[in-house]
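See below for the structure under consideration.
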Amino acid sequence: MAITREEIMGNKQALTRLEIVASMKKIVGEEHVITDEQVLKESSVDRYRKYEEYSGVFTRPIPAAVVKAQNTQQIAEVLRFCNENGINVIPRTGNSALESMLESTRENHIVLDGSDMKKIIKIDEYNMQVTCEAGVGLEYLENLLREKGFTTGHSPQSKPMAQMGGLVATRSIGQFSTLYGGIEDMVVGLEAVFPNGEITRIKNVPRRAAGPDIRHVIIGNEGSLCYITEVTVKIFKYMPENNKYYGFTLENMKTGFEILREVMVAGFKPSIARLYDKADAAGHFSHFAKDKCVLVFMAEGPKEIAEATGNGIEKIVAKYAECQQVDSSLIEQWFLQLNWGPKQIAEEREEIIQTQNMGFTTEIASNWETIHEIYEVCCKRVAEEIPDITWVGGHSSHSYINGTNVYFVYYYNIVDCPPEEEINKYHNPINKIIVEEAIKHGGTMVHHHGVGKARAPWIKDEYGSSFYILKTLKNAFDPNNVMNAGNIIPVKFLED
Ligand SMILES: Cc1cc2nc3c(=O)[nH]c(=O)nc-3n(C[C@H](O)[C@H](O)[C@H](O)COP(=O)(O)OP(=O)(O)OC[C@H]3O[C@@H](n4cnc5c(N)ncnc54)[C@H](O)[C@@H]3O)c2cc1C
0 MAITREEIMG
10 NKQALTRLEI
20 VASMKKIVGE
30 EHVITDEQVL
40 KESSVDRYRK
50 YEEYSGVFTR
60 PIPAAVVKAQ
70 NTQQIAEVLR
80 FCNENGINVI
90 PRTGNSALES
100 MLESTRENHI
110 VLDGSDMKKI
120 IKIDEYNMQV
130 TCEAGVGLEY
140 LENLLREKGF
150 TTGHSPQSKP
160 MAQMGGLVAT
170 RSIGQFSTLY
180 GGIEDMVVGL
190 EAVFPNGEIT
200 RIKNVPRRAA
210 GPDIRHVIIG
220 NEGSLCYITE
230 VTVKIFKYMP
240 ENNKYYGFTL
250 ENMKTGFEIL
260 REVMVAGFKP
270 SIARLYDKAD
280 AAGHFSHFAK
290 DKCVLVFMAE
300 GPKEIAEATG
310 NGIEKIVAKY
320 AECQQVDSSL
330 IEQWFLQLNW
340 GPKQIAEERE
350 EIIQTQNMGF
360 TTEIASNWET
370 IHEIYEVCCK
380 RVAEEIPDIT
390 WVGGHSSHSY
400 INGTNVYFVY
410 YYNIVDCPPE
420 EEINKYHNPI
430 NKIIVEEAIK
440 HGGTMVHHHG
450 VGKARAPWIK
460 DEYGSSFYIL
470 KTLKNAFDPN
480 NVMNAGNIIP
490 VKFLED
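Position 192 of the sequence shown, counting from 1, maps to 191 under numbering that gives the first Met the number 0, and the rest follow consecutively.
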């Protein structure tokens, strides 16, 4: 049973915003507490509510302060203070979140920002691992490692923005996942702080069988159990000279899913394995694929492995007469401009303001047996049931031996709709269709963006009887519900 704020605090008066700010200044220093009104407004939302933000409308609770912690000790002190005073804390590092993870469900909260914690603590070239603070940007780290001949193998589209703490907290995945895995396959050890101020460190070992793997309490917690302050991830040899790119056009998604499955089941490990439907391919590959689906592969690693992987994939695809191979340089060029940073965000903002045409994505995963059906049903239902849709489609971008994901992409015109209604008129109903179809077909409602507050209403359906474990974790580690309250688990589900 979750405890209400009144139960924690008794008759103790809630602190005012000014008192919260003064206390934060004492802990982290005056210069590290931001109270600028515009910054606070922008810190009340993430990209889930980008239309409201672009329209200058802010409907969520505005934080009392953005607190820029400089070290683990300060994080511990801030958390302890907030825990004792019932103040909701929104952990943040790179600020690239989607799914309303950075919104607060409570007034007078703080954003605890770790983006100043930027130390790369150790690049251990012999044991092939790197340790860094939570605020180290992935792009910065990756570029540094590449200069030394190494790579993290992690390359989410948000690489120019995302930072190590957030990447671990969201259970993120990158474009080379079919070879390197998601962040959960890369994390070796961690340091994290719990709301009572307890600092815990999970040591760096290649594997251990000493009970449950407690890294998984922390990875993917979305700031709702603890604050990640330090991360150690594996590193790999970087051999871009051996990269091989492959692209094929084809007529339909069913064949595409079959090919992806065959490649995975045969045991090949391309770093990239992607399948775009016609609608989505039109936005990426219109210069060579008119009204076609597109399959993309990349093979990497030691020369012999990259070549064998590429040859194996070409042999499999060659069995399908409808597939036409395209020049590999087209795929390489496309791939090099796939990532999004502040420039692309600014361009998108301009476009949305000018056109009132809005794009979003929802990603799910399921096994091979059901994925095509989920893809078909969702595209059909969104096109039929949602008003003002301009297009809906998607791609598969992360495959496994037993299934794959679909990353649905959809655009709609915003018609006769005030900014604060956009979410309810368009985005949430689309999410609902996709989430419910994925769960109904035995899949998962979220492949990599995280649950946030946008998909939290379905968390019991997603977990089934294992919701008991999730709820028990939350109640054990954050009994006062001050860590991103309502994220992953809606507050009312904790009270049941
Ligand atoms: C254009 C674009 C492309 C994207 N592409 C991908 C992709 O390819 N793959 C992918 O997986 N995701 C992708 N994302 C989603 C997002 O970038 C990732 O979830 C990323 O891991 C978030 O990292 P961040 O540092 O920006 O975290 P933030 O945005 O700061 O926070 C994200 C969540 O983690 C929590 N959090 C942040 N830091 C900490 C911490 N130190 N301790 C505890 N909790 C913390 C926050 O409370 C929040 O719930 C994309 C987003 C955008 C905007």
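Note that the Cβ used here is the ideal one computed from N, Cα and C, for glycine as well.
Your pair S398 and T151 does not check out as a contact, with CB atoms roughly 20 Å apart and the cut at 8 Å. Remark: the C-beta of I488 is outside contact range of ligand 1, defined as less than 7 Å to any heavy atom.
C-alpha of I198 to C-alpha of I74: approximately 9 Å in a straight line.
Only residues of its own chain outside the window of five on either side were considered, and among them L14 have a CB closer than 7 Å to the CB of N84, listed in chain order.
Ranked by how close their Cα comes to the Cα of A437, the residues P269, T403, I413 have T403 in first place. Rounded to whole angstroms, the Cβ separation of H448 and E362 is 6 Å, and the two are in contact under 8 Å. The three-state secondary structure of I487, taken from DSSP, is coil. Distances taken from the Cβ of W333 to the heavy atoms of ligand 1 include none shorter than 7 Å.
Using a cutoff of 7 Å, the CB of W339 counts as near ligand 1, since one of the ligand's heavy atoms is closer than that. In the displayed model, F80 falls within a helix according to three-state DSSP.
Contact check for G188 and I201: beta-carbon distance about 5 Å, within the 8 Å limit, so the pair qualifies. In this structure, I213 sits away from C225, with a CB-CB distance that is not shorter than 8 Å.
Going by DSSP, C225 is part of no alpha helix (DSSP H) at all; its letter is neither H nor E. Secondary structure note for I271: its beta strand (DSSP E) is the uninterrupted segment 271-275. In the three-state DSSP reduction, C292 falls in the strand class (E or B). With 16 or more neighbouring CB atoms inside 10 Å of its own CB, H153 falls in the buried class.
Here the C-alpha atom of Q336 lies approximately 10 Å from the C-alpha atom of I330. The beta carbon of V414 sits closer than 6 Å to the beta carbons of D387 from its chain, once the five residues preceding and following it are set aside; these are given in chain order.
DSSP, read as helix, strand or coil, puts F247 in strand. Around T369, the same chain offers H440, G441, G442 as residues with beta carbons nearer than 7 Å, after the five sequence neighbours per side are excluded. Short note on G173: C-beta closer than 7 Å to some heavy atom of ligand 1.
Look at the stretch 129-193 and you find these whole runs of alpha helix (DSSP H), each 4 residues long or longer: 137-146, 163-168, 176-179, 182-185.
Taken in chain order, the complete beta strand (DSSP E) segments of 3 or more residues contained in the stretch 302-374 are 323-325, 356-366.
With a cut-off of 8 Å on Cβ pairs, the stretch 231-241 is in contact with the stretch 139-151, counting three or more such pairs. Contact between A68 and G113 holds: CB atoms are separated by about 6 Å, below the 8 Å threshold.
By the C-beta criterion, the stretch 377-397 is judged not to be in contact with the stretch 314-331, since fewer than 3 inter-stretch pairs fall below 8 Å.
At least one heavy atom of ligand 1 falls within 7 Å of the beta-carbon of Y226. As computed with DSSP, L111 is found in a beta bridge with V66, P90. With the rule of 3 Cβ pairs closer than 8 Å, the stretch 117-137 does not count as touching the stretch 44-60. Straight through space, the alpha carbons of T169 and G246 are spaced by roughly 30 Å. Annotation: K452 is outside any alpha helix (DSSP H) and is labelled neither H nor E by DSSP. Collapsing the DSSP output to three states places T104 in coil. For F492, the three-state secondary structure derived from DSSP is helix. Three or more pairs of CB atoms, one per stretch, sit closer than 8 Å, so the stretch 252-271 contacts the stretch 288-302. Comparing C-alpha distances from K459 to each of I315, E375, I488 shows the shortest one belongs to I488. For T308, the closest alpha carbon among the candidates G266, A345, E229 is that of G266.
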